[in-house]
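Residue numbers (my numbering): 46 to 229.
Cβ coordinates follow ideal geometry from the N, Cα and C atoms, glycine included.
Here the structure is a predicted model, which is why all the values come from computation and not from measurement.
Laid out in structure tokens, this is it:
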């Protein structure tokens, strides 16, 4: 697979992940939507794991196969994403009923980092503390005129964050269930 093909493929996956995040976020905003998500709790957690795993593999592909040199903010985003594969994998394997407090600190941090990195690419004149050899303003991927690697990372972190929120404690009869009421 060429770099152009991988860029297009991962950009499309990122847009799908963003769509999933928006749809799940909208469902989380209403009681009826939360009930629908309650029926898909295990699937939401598996999907969050899949998003983290694909994001990790894509990140490694771009640096190791594509030859892209990760900048400082790319490394910070990797530090936030890579452990999510393990944490979410264990949560899926163990049937963890509420992995939010192990996942959200990393995913929300990554979400903020990727948003900041994306705006650095959009407005490069503000400068940054990144290395001259690997500037944070370097745009290795530019699909559809707006999808770059930090944007793809943002989509991945957004999807993981919202899916983990959806996989959290279920709503039963309008009340959030207690931990002991939750069956994996």
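About 4 Å separates the beta carbons of residue 136 and residue 144, which is inside the 8 Å limit, making them a contact pair.
Beta-carbon to beta-carbon, residue 206 and residue 149 are separated by about 7 Å, close enough to satisfy the 8 Å threshold. DSSP places residue 151 inside the alpha helix (DSSP H), whose first and last residues are 145-167. The beta-carbon separation of residue 56 and residue 189, rounded to 7 Å, stays under the 8 Å limit for a contact.
Contact between residue 204 and residue 86 is absent: CB atoms are separated by about 16 Å, not below the 8 Å threshold. The shortest C-alpha to C-alpha distance from residue 196 to any of 124, 48 and 159 is the one to 159. With a minimum length of 4 residues, the unbroken runs of alpha helix (DSSP H) contained wholly in the stretch 180-220 fall at 194-211. The stretch 100-115 makes contact with the stretch 46-60; the number of CB pairs closer than 8 Å reaches 3 or more. Rounded to whole angstroms, the separation of the alpha carbons of residue 164 and residue 95 is 26 Å. Taking 8 Å as the upper bound for CB-CB distance, residue 201 and residue 126 are in contact here, some 7 Å apart.
When DSSP states are grouped into helix, strand and coil, residue 111 belongs to the coil group.
The beta-carbon separation of residue 115 and residue 59, rounded to 17 Å, does not stay under the 8 Å limit for a contact. Of 168, 113 and 77, the smallest CA-CA separation from residue 47 is found for 113.
Taking C-alpha positions only, residue 123 is separated from residue 153 by approximately 13 Å.
Restricting attention to 72, 191, 98 and 111, the CA atom closest to the CA of residue 167 is found in 191. The C-alpha of residue 90 is placed about 31 Å away from the C-alpha of residue 184.
If you draw a straight line from the Cα of residue 161 to the Cα of residue 181, it comes to about 10 Å. Close CB contacts of residue 169 within its chain, under the 6 Å cut and outside five residues either way in sequence, are with 182 (chain order). DSSP places residue 141 in the coil class of the three-state scheme, outside both helix and strand.
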